[in-house]
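Trainee: For reference, the structure I am asking about is given below.
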Amino acid sequence: MASLTSARRIVVKIGSALLVDRASGDLRADWLHALAEDVAMLKARGADVILVSSGSIALGRGALGLGQGTLALEQSQAAAAVGQIRLARAYEDCLAPHGITTGQVLVTLEDSADRRRYLNSRATMETLLSFGVVPIVNENDTIATDEIRYGDNDRLAAQVAVTVGADVAILLSDVDGFYTANPSNDSSARRFDLIEEISPEIEAMAGDAGSGLSKGGMKTKLMAAKTATGAGCALAITQGAVLRPIKALEDGAAATWFRPKGDPQAARKRWIAAMKPRGTISVDAGAAAALGKGKSLLPAGVTAVTGDFGRGDPVVILGPKGQGLGTGLARYTAAEARLIRGCRSGDIEAILGYPGRAALIHRDDMAT
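Taking the numbering used here, the leading residue of the sequence shown gets 14, the next gets one more, and so forth.
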C-alpha cells in the first residue's frame, strides 16, 4: 500500500462543514490557509494534488441569505452559481502565495459514465497536472439534476482518483475513521485502523449520519472506498477539522485506511483489457516496436482501421503480421482514424479541420 509520504498522486476530499461556518455561512479562512500549507508540502515533494471540494452551495446560500433549511432545486443551483465563484477565488488566494496555480473543474456523473466524456476529463486533468496546477474539482451543481448527480463528494473523489490513477485518496471528515457503530450513539464503538477487505459485515456497520451542511454519511464513504481500492488506490478517512489535517495524518493522527487491490495502473489496464472491442487498428513494424517500449500509438504508424467505433471505445491493436498487441481506448472515431492513418500528428488539424490529440491511443489508455 502506497504511503502518504511516497505517494505520486493524491486526491483530497473536503466537505462543506470543514470549509464553511454553519452559523454564519462564512468561509473558515484560517482552516483553508492551513490546508494550503499541506498542499504546498505535498507539492514540494513532487506529488500531484487534486482537491475535490464541496462548499459552493453552502457559501452561496450564505451570500443569498437562504438560511439553513432545505432548498428547492433551482435555489440550490442559484446558490451554487454564486458560491462557486467565491470558492474558486478562496482557493486561488490561499494557494497563490505558495506559488501554486489552481484550476476549476466542474463535472457531473455523466462525465464518468460516458467513455468519451471520461477520456476528455482524464485528458484535461492530466494536462493540468503536467503544468503543476492543482485542480479544484466539484460537482457542477448549477446544472446537475438528480438523474445526473453523484449526490456527494465522497464518491466523486473516488471517481476522480480512478480517473487520474491516484495512489492515495483522503476523505477529510467530521469523524476520525470508520467505526463498528456510530461513536456518537454507541460508546463501545471501535475504530478500525486498517480495513483489508470491505466485507458484508463491514458494510452492515455503516450508518447515514451527516452534518447539516454535508450530504455524505458513512455509507457513501464506504462506497467511495470500494471504488478507489478496486482501482488500486489506497483511501483514508480522517478528522478534517484540525488545522493542517494532512500533516496530522502523516504524523499519526487517528484514521482508517482501506487497502487497495493492486496498483492504479495495473487495475486500469485490467479494466481496459476486459472490454469488448468495437474495431481494430493495424500498425506497422515501427509503431509495434514503439508500443513494445511503452509509447503511445500515433497516427503515422497506423496502416488500417476496421469497425465502427466512437471516441473512447475499445479497439484491438494488431501488428504487421496480424498479431494482437493489446487493447486501447481510441481518441478518435473510426471515420477520423481512417482519415489520419499514416499521417504525422502535426497534419491532423489540416486533415480534420480542427485541432486533435497527437496520439490516436494514449499509452495510459492501453493494455498490452
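By construction, the Cβ of each residue, glycine as well, lies at the ideal position given by its N, Cα and C atoms.
Mind pulling the beta strand (DSSP E) runs of 3 or more residues that sit fully within the region 287 to 346?
Mentor: Segments of the beta strand (DSSP E) lying fully in the region 287 to 346: 292 to 296, 315 to 320, 327 to 331, 337 to 342.
Trainee: Helix, strand or coil: how does DSSP classify lysine 26 here?
Mentor: In the structure shown, lysine 26 sits in a strand (DSSP, three-state: E or B).
Trainee: Quick check on alanine 219: does DSSP put it in helix, strand or coil?
Mentor: If DSSP states are grouped into helix, strand and coil, alanine 219 belongs with coil.
Trainee: Could you tell me whether the region 317 to 326 touches the region 345 to 353, where touching means 3 or more Cβ pairs closer than 8 Å?
Mentor: Yes: at least three Cβ pairs fall under 8 Å.
Trainee: If the criterion is Cβ atoms closer than 8 Å, does the pair glycine 320 and threonine 293 meet it?
Mentor: Yes, Cβ-Cβ distance for glycine 320 and threonine 293 is below 8 Å.
Trainee: Are the region 268 to 278 and the region 300 to 308 in contact at 8 Å, needing three or more beta carbon pairs?
Mentor: Flag = no, the region 268 to 278 and the region 300 to 308 do not touch.
Trainee: Could you check whether serine 66 and leucine 100 sit closer than 8 Å to each other, using their CB atoms as the reference points?
Mentor: Result yes, Cβ atoms of leucine 100 and serine 66 sit closer than 8 Å.
Trainee: According to DSSP, is glutamine 278 part of a helix, a strand, or is it coil?
Mentor: Residue state, collapsed to three classes: helix.
Trainee: Answer with buried or exposed for glutamate 160, where buried requires no fewer than 16 other C-beta atoms within 10 angstroms of its C-beta.
Mentor: Residue placement at glutamate 160 is poorly supported in this model, since its pLDDT is 41, which falls under 50; the coordinates still yield a value, given next. Exposed: under 16 other Cβ atoms inside 10 Å.
Trainee: Mind checking who threonine 251 pairs with in its DSSP beta bridge?
Mentor: Answer is Leu185, Ala268.
Trainee: Roughly how many angstroms lie between the CA atoms of glycine 359 and serine 295, to the nearest whole one?
Mentor: If I take the Cα positions, the gap works out to 21 Å.
Trainee: For the beta strand (DSSP E) that contains isoleucine 149, what are its first and last residues?
Mentor: Element bounds for isoleucine 149: 147 to 152.
Trainee: Where does isoleucine 70 fall in DSSP's three states?
Mentor: Isoleucine 70 falls in the helix class under three-state DSSP.
Trainee: As a quick exercise: from Asp167, Arg376, Asp61, pick the residue whose alpha carbon is nearest that of leucine 141.
Mentor: Nearest option by C-alpha distance: Asp61.
Trainee: How big is the Cα-Cα spacing for serine 89 and leucine 342?
Mentor: Distance between the alpha carbons of serine 89 and leucine 342 is about 36 Å.
Trainee: From which residue to which residue does the beta strand (DSSP E) around glutamine 117 run?
Mentor: Its beta strand (DSSP E) spans residues 115 to 120.
Trainee: Suppose the cutoff is 6 Å on Cβ atoms and the five residues either side in sequence are ignored; what does the same chain contact list for arginine 58 look like?
Mentor: There are no such residues.
Trainee: Per DSSP, which one or two residues make a beta bridge with leucine 40?
Mentor: According to DSSP, which records beta bridges pairwise, leucine 40 is partnered with Val33.
Trainee: Use the C-beta contact count for serine 37: other C-beta atoms within 10 angstroms, 16 or more gives buried, fewer gives exposed.
Mentor: Serine 37 comes out exposed.
Trainee: Between the region 73 to 84 and the region 107 to 124, do three or more beta carbon pairs fall short of 8 Å?
Mentor: The answer is no - the region 107 to 124 does not touch the region 73 to 84, with fewer than three Cβ pairs under 8 Å.
Trainee: What did DSSP end up calling serine 227 once you bin it into helix, strand or coil?
Mentor: Unreliable positioning characterises serine 227 in this predicted model, as indicated by a pLDDT of 39, which lies under 50. A coordinate reading is not provided.
Trainee: Taking only heavy atoms of the ligand ZN into account, decide whether any of them is closer than 7 Å to the Cβ of leucine 45.
Mentor: This structure lacks the ligand ZN, and indeed carries no ligand of any kind.
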